[in-house]
Every structure is written in structure tokens, then in C-alpha cells.
Amino acid sequence: MRRLTLITKSRLDLASVCRAVSDPRFGAVTSFMGSVRRVHAGRTVRSVSYDCFAPLAQKVLADIAARAEARWPVRVAAAHRTGRLSVGEVSVIVAAASVHRAEAFEACRFVIEDIKHRLPVWKKEHYATGDGRWLPGCSLRGRRR
Amino acid sequence: MKRSIELYGRLRDAGLGASLRVDIPAGANVRGALKALKISLGAKASLIDGCALATADAVLADGDRLPSGRLALLPPVCGG
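Note that the protein sequences, when read in sequence, are chains A and B. Each residue of the first sequence is one higher than the one before, starting from 3 at the first, in this note's numbering. Each residue of the second sequence is one higher than the one before, starting from 4 at the first, in this note's numbering.
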């Protein structure tokens, strides 16, 4: 079965991502869903723009999922949104399925943490005051993979 | 040799456009290319602090020889 890893401008759907990992052998499915929040660092946020180096991001996301599957007996799916999202819209979804819950929880956590640290995606918050700011992040310099 | 380098994230809002054309010595490695970039940016040189060079396939290490093809300058990432 082909693994689902997706960088997309389209709206994300939790049920679709979870379906991609479901299997009669697996009794546990965990998921993580990130969305745009209204307040960040005391500022009222109207929307967030997600920029992305798409060809590399597709490969990195697939690599993150593959590493999780190599480390735990799980099946993983992940999707990340790009473009401008309003408050409440979903920016990222991770799902992990396994025979038992422990590995599914661990793999799901691993994938979202690696997305935060390795995926070539950037976000700019747009505030109610009309200005905006690119958020600081993790440098990829010196990282081989 | 002139190379085109794509810009992402905060670099796109720095008044540099979506890409830069930079003169990079033939046979330069990534460290050398970043140095050339810094010089070409002049007063905006600090913009590339923490940035990495990458192809469509991989993030490049400082000692890597600069490959041909697509190149991108990636600021620190913050997906999710």
C-alpha cells in the first residue's frame, strides 16, 4: 500500500488522512491536527501564510514518515497545507496506526516534531493591526538529511 | 559563474524578489557560495544568517560542491 504524504494548497481532511493508515490488523489509530490559532504571543492573528519549497518538502515529508515506520511497527500518513489560512483552518495532519496504542502515539509525536524541525515550510502571521511577521524557526544549515 | 538562487520565507519579503542572480566562483563549495551571497547582499548580508542552501532533493552541507540545477536559499523552518 502506498504511503500518503502530501504538501497541498487544498483543504485538509482528518478522516481521509486517518483512512490512509487504517488496516484490519491495526487496533490503534492516533492523529495530530494543527490549526491556525487566534492569538499568538499576545497578538491577535487574522490569518497565516505558509510558504514552502515544494519539491524538497515532498521528499522530506516522505522521509520523515519512512523513518517513523522504520523505527516503530506503524503505518504513517501526513499532510501539510500551503497558502494563506484563516484562524481555525487546519495546517497539518499526522496519523499513525499500529497494533497497539503506544507505538502509534510515539510515532505520531515523532512525525510532528520532525515536521517542525526539518520540513522546508515557513509561516507568516497576519495580525488584526494590519502588519505581519515571519516566525523564527529551526536552521537547516549543517543538517545532512 | 552566475547562478540563480530561489528565495523562500522571510527572504521573499526582503525586497530581493523571488530569486537572486549571484556570481559564484566555478567549483565553489556551499560555504564559498554562501560567502559570495553574503558579499553580494551588502547591507542586507545578515538576512542569510541561519540559512541553508538546498537542491530540490536535499539540504546541502557546507563542504558539498555546489551542484548544477535548481538551488534554493532556505531560512530557518517553522512548519506545522
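Beta carbons: idealized from backbone N, C-alpha and C, even for Gly.
Problem - Whole-number beta carbon distance between A64 (chain B) and V33 (chain B), since they are thought to touch under 8 Å - result: 7 Å
Requested in this report: Quick one: residues in its chain with C-beta nearer than 7 Å to the C-beta of P26 (chain A), no 5 flanking neighbours on either side, listed in chain order?
Outcome: none
_Once the 5 residues before and after V92 (chain A) are set aside, which same chain residues still bring their CB inside 6 Å of it?_
L14, M35, S37
Inter-residue Cα distance where the pair is S43 (chain B) and V25 (chain B): 7 Å
- Task: Below 8 Å on the Cβ atoms is my guess for R103 (chain A) versus V23 (chain A); work out the distance and round it to an integer in Å.
- Result: With 8 Å as the limit, R103 (chain A) and V23 (chain A) do not qualify as a contact, their Cβ atoms being about 13 Å apart.
Checklist entry - Three or more beta-carbon pairs under 8 Å between the segment 7-15 of chain B and the segment 75-82 of chain B, yes or no? => result yes
Stretch-stretch touch, CB-based, cutoff 8 Å, three pairs: the segment 111-126 of chain A with the segment 61-68 of chain A: yes
task = State yes or no: is the beta carbon of D53 (chain A) nearer than 8 Å to at least one beta carbon in chain B?
result = yes
Check your understanding: What residues in the segment 19-41 of chain B have a beta carbon less than 7 Å from any beta carbon of chain A?
Key -> none
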